[in-house]
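All remarks here apply to the structure that follows.
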């Protein structure tokens, strides 16, 4: 017997038939003797409708009322899912955030979970074999008002609940069947991974692989929750997200990710003096413009330097304006903004112990005539910025070069 | 300065524009210096959708989960209405049943209110001039689960809140502009009443005038809550429902109501012996068939009697079957079922002190050649059963006869 948290996203509960399908999935685990908590999202489209209404009433809104309105989506699904389980003869009841309680801070709209009371859920597992159907995405704040955890927050609810319940597994059911070595819409030879480490998943998630919310992966890593990503429409194993030492045969590179949401800004002939980086990046940080890759290259004269960095595509105009406004203080010759770039990253915990991973990347891209504009590395990731027209070519070449192609 | 409860039904909050309109109405009362609690229904159509989903998942459903699902409709409206008020610069916050708390019994789906905690609402009226926007129709049961009060329950929420708050007035905003002397779709000369007594309103409501839910009128009468029915779309006074002694110039008859939902059943030659009525009506009561008008007429032989009574149209087949099944025990000659009847009632507290009200009714109907099939009377009401084809003729003739026609 195991204790399992099963989380179903919006597409998995999009209509009544799918909710009934979810109930059948849950029943299988109950019949196998497991203790089960189910975490559900709003039916797909519902949250968007609720958010639209809020914005129509009040573009700049009280986040407490926003939370009151949007949390209803999950409440509906939890009630319907409990009913669908009861129809199959499974003892089940719905739980709202305030009933559990799932206690959060008061950062309405993007609240963080502080504690989850699980005594009653455990008692009902044991004494009544009752399935807990929990509304994801929501909690209760210190003022006894409903809070929500931000977009994708149901993943976080599920992982946090699994941690609090000391569950053996947290299964995240979604509309894809697992985590792939690369985007299969671009790389036909991409393979589904059986296992991936938390660290790798974190890099994948923050690069926009929409399988899991970044925060939920962090939480899983910190509490060592075994997460599985799998399809709610097909009946086969997905990808397990686990601790590094659970993976015996480590790949040097586990996957290749990319982000189109990049724009490059270069300031030429910046004075090479202490504090200039702060002059450049201070105003951007103050304006909440997130800066990612940064390269500083000294120029010939030894007194000035070129500063290149990336921002999100949506921020490029704001960033350009801020830097022009600060031109006097920073002191630079030209500002060159280029939105036509993409970031490609190879990710793998095996990198730590293998040399030559970066070299393979550089050689592979060079052989295809692809120029690398910026490089940044971390312990388990190498990222390069390239011209966007080479994206597909680069992904396929790297996928082959690192031996990831499906047989 | 007064304390006012304002209740808005589903058509009054049907979309974002109407919710903004509601906010403007509320603001006017706030600007006039009043303390205001607003009670809102679900946006029209929403509750039906939620109920349909529940029935699709589980035709025979756990009422606790039903309540969890359908209570979300009001939660959405309360949040949006609070936001709309804030946009107009009015301090406002939403309250769900469990937050107030509005405590009910555990009769999920048709719960009865037991207590409403109002200290915090009053404190906020006084210290923050904050408007309380309360989700109607919902409460919290003894098991800390969400309850709902049954269809039309938002009227009951509003009146109960007004009683608990000792409000000066409970304004029920709806899609009609008040209570009429008769249905204006049939009687063109019907007038809107400025005032009506609780007792009269109760008779009107139970006869299917859908302006106010019967239970809310009872509650208003018991707690002497001054209720006003008025239009949320027009800006003019509605009808005040008040205590009898507030009406100085009493009409003998205040209004004429009717019900098409009637079917007549006659059992001929029933043995005229003690206990026969129990034999007839016992099985009907056990099967939840509601019996309304009953007439027992002795026949010539002095040993048998004809028993005539009415049931709801929807119950006629069930009632007929039950009576045929019990034919042996009851003992009667024929069973005649007639769904082609309507009930017409004249209502007025003035009847108590005026003779001849019934006679006017009988003479008026006779003059039009309308046969009266059954008569029943109460202290403030005379009802007759007639052939349905005479309904409009009867209503218009009686309206004129009692001097109710608009000038």
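Residue numbers (the working numbering), protein chains in the order written: chain A, 18 to 424; chain B, 18 to 424. Where is the CB? At the ideal position from N, CA and C, for every residue including glycine. Quick caveat, the model's predicted, so the values are computed rather than measured.
Flag residue i as yes if its beta-carbon sits less than 9 Å from any beta-carbon of chain A, otherwise no.
i: residue 138 of chain B; result: no
i: residue 119 of chain B; result: no
i: residue 88 of chain B; result: yes
i: residue 155 of chain B; result: no
i: residue 174 of chain B; result: no
i: residue 57 of chain B; result: no
i: residue 110 of chain B; result: yes
i: residue 113 of chain B; result: yes
For residue i, which residues in chain A fall below 7 Å Cβ to Cβ?
i: residue 131 of chain B; result: None at all; the shortest Cβ gap to chain A is about 20 Å.
i: residue 64 of chain B; result: Neighbours of residue 64 of chain B on chain A: none; closest Cβ ~12 Å, over 7 Å.
Buried or exposed: which applies to residue i, given that a residue is buried once 16 or more other Cβ atoms fall within 10 Å of its Cβ?
i: residue 353 of chain B; result: exposed
i: residue 251 of chain B; result: exposed
i: residue 394 of chain A; result: exposed
i: residue 369 of chain A; result: exposed
i: residue 137 of chain A; result: exposed
i: residue 90 of chain B; result: buried
i: residue 132 of chain B; result: exposed
i: residue 256 of chain B; result: buried
i: residue 231 of chain B; result: buried
i: residue 423 of chain B; result: exposed
i: residue 265 of chain B; result: exposed
i: residue 88 of chain A; result: buried
i: residue 18 of chain A; result: exposed
i: residue 406 of chain A; result: exposed
i: residue 143 of chain B; result: exposed
i: residue 396 of chain B; result: exposed
i: residue 376 of chain B; result: exposed
Since residue i meets chain B, which of its residues come closer than 7 Å, beta carbon to beta carbon?
i: residue 28 of chain A; result: Those do not exist, as residue 28 of chain A stays about 17 Å from chain B at its closest Cβ, beyond 7 Å.
i: residue 100 of chain A; result: 71, 74, 75, 78, 79, 82
i: residue 146 of chain A; result: In chain order: nothing, as chain B lies at least about 16 Å away.
i: residue 36 of chain A; result: 74
Within the 9 Å Cβ cut-off, does residue i reach chain B?
i: residue 96 of chain A; result: yes
i: residue 67 of chain A; result: yes
i: residue 93 of chain A; result: yes
i: residue 230 of chain A; result: no
i: residue 164 of chain A; result: no
i: residue 85 of chain A; result: yes
i: residue 183 of chain A; result: no
For residue i, which beta-bridge partners are listed by DSSP?
i: residue 312 of chain A; result: A:325
i: residue 20 of chain A; result: A:52
i: residue 279 of chain A; result: A:358
i: residue 394 of chain B; result: B:399
i: residue 214 of chain B; result: B:259
i: residue 25 of chain A; result: A:57, A:190
i: residue 363 of chain A; result: A:273, A:399
i: residue 404 of chain A; result: A:358
i: residue 209 of chain A; result: A:197
i: residue 352 of chain B; result: B:284
i: residue 133 of chain A; result: A:119
By the criterion of Cβ-Cβ separation under 8 Å, what are the contact partners of residue i in chain B?
i: residue 33 of chain A; result: 70, 73, 74
i: residue 161 of chain A; result: 116
i: residue 104 of chain A; result: 74, 75
Residues of chain A with CB closer than 8 Å to the CB of residue i, please, in chain order.
i: residue 285 of chain B; result: Simply none; closest approach about 48 Å.
Would the C-beta of residue i count as close to the ligand SAH, meaning under 8 Å from any of its heavy atoms?
i: residue 81 of chain B; result: In terms of ligand content, the structure shown is empty, and the ligand SAH therefore cannot be addressed.
Mind listing the chain B neighbours of residue i? Cutoff is C-beta to C-beta under 9 Å, in chain order.
i: residue 198 of chain A; result: Per Cβ cutoff of 9 Å: no residues; residue 198 of chain A is ~39 Å from chain B at best.
Can you name the residues of chain A whose CB is closer than 9 Å to the CB of residue i?
i: residue 325 of chain B; result: By Cβ distance, chain A contributes nothing, its closest Cβ being about 44 Å from residue 325 of chain B, past 9 Å.
Enumerate, from N- to C-terminal direction, the unbroken beta strand (DSSP E) stretches of 3 or more residues contained entirely within the region 76-131 of chain B. List check, beta strand (DSSP E) in window: 109-112, 119-121.
Alpha helix (DSSP H) segments (min. 4 residues) lying fully within the region 244-276 of chain B: Qualifying alpha helix (DSSP H) stretches: none in this window.
Ignoring anything shorter than 4 residues, give me the alpha helix (DSSP H) runs that lie fully in the region 139-205 of chain A, in order along the chain. Complete alpha helix (DSSP H) runs here, min 4: 170-181.
Jot down the residue ranges of each uninterrupted alpha helix (DSSP H) in the region 283-310 of chain A, minimum 4 residues, whole runs only, in chain order. Here the runs fully enclosed are 293-303.
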